[in-house]
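Everything in the sequence shown is counted per my numbering, starting at 28 for the first residue and increasing by one.
We put the beta carbon where it would ideally sit given N, CA and C, even for glycine.
Report on one structure; see the data block that follows.
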Amino acid sequence: MICLALAPILAVSLVTHTPSPKEVLIAKYKQFNTSYLKSDRNGIDAWVKNNCQPKFSYTSFHKTKYSLDGFRTSLTQDMQNTTRVISSTLTVRSVQAKGQQQVVIIASEFKGMVNIDSRRYSLSDQSVDTDTWVKQGKEWKLQKRVQVNADMQLQPAE
């Protein structure tokens, strides 16, 4: 009788939640933003290695194209030049399935202090990107990023 009474509880506890692609991808973006806020170069590098396809491509708002290595170098340089993060947010606006892909629209906003050519600047940067993720085995990998909007303002610091 005791075993039968516990059966519903055991059955419920054996059911596991399989996260949706949207939940998985939002968690990946949170991990990226956490590392970026901490200026954790190793964390960002590990994120890129673990989440981007080897043939990943990034196209900036001005149509400059970067390979995976160029993207990684750009992120590293950005962090090296940043002397103070005032605020940094990354918002997932939407996640849509398109066949075997997930297309994610993200909005980023950064405010901080940077050093460029030994001069200090106040930087305000807002951008919107379209990311395309593909499933490889059991993992989602970032195939490409296209920056669809960008507004960067750089002012000499006083």
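Boundaries of the beta strand (DSSP E) around residue 174: 166-183. The criterion of a C-beta distance shorter than 9 angstroms is not satisfied by residue 43 and residue 72.
Judged by DSSP secondary structure, residue 83 falls within the beta strand (DSSP E) whose first and last residues are 79-86. The beta-carbon separation of residue 154 and residue 177, rounded to 4 angstroms, stays under the 8 angstroms limit for a contact. Separation of residue 114 and residue 94 (C-alpha to C-alpha, rounded to the nearest whole angstrom) is 28 angstroms. Non-local C-beta neighbours of residue 84 in its own chain, meaning closer than 6 angstroms and more than five positions away in sequence, comprise 171, ordered along the chain. The straight-line gap separating the alpha-carbon atoms of residue 64 and residue 120 is approximately 20 angstroms. For residue 108 and residue 180, the gap between their C-alpha atoms comes out near 15 angstroms.
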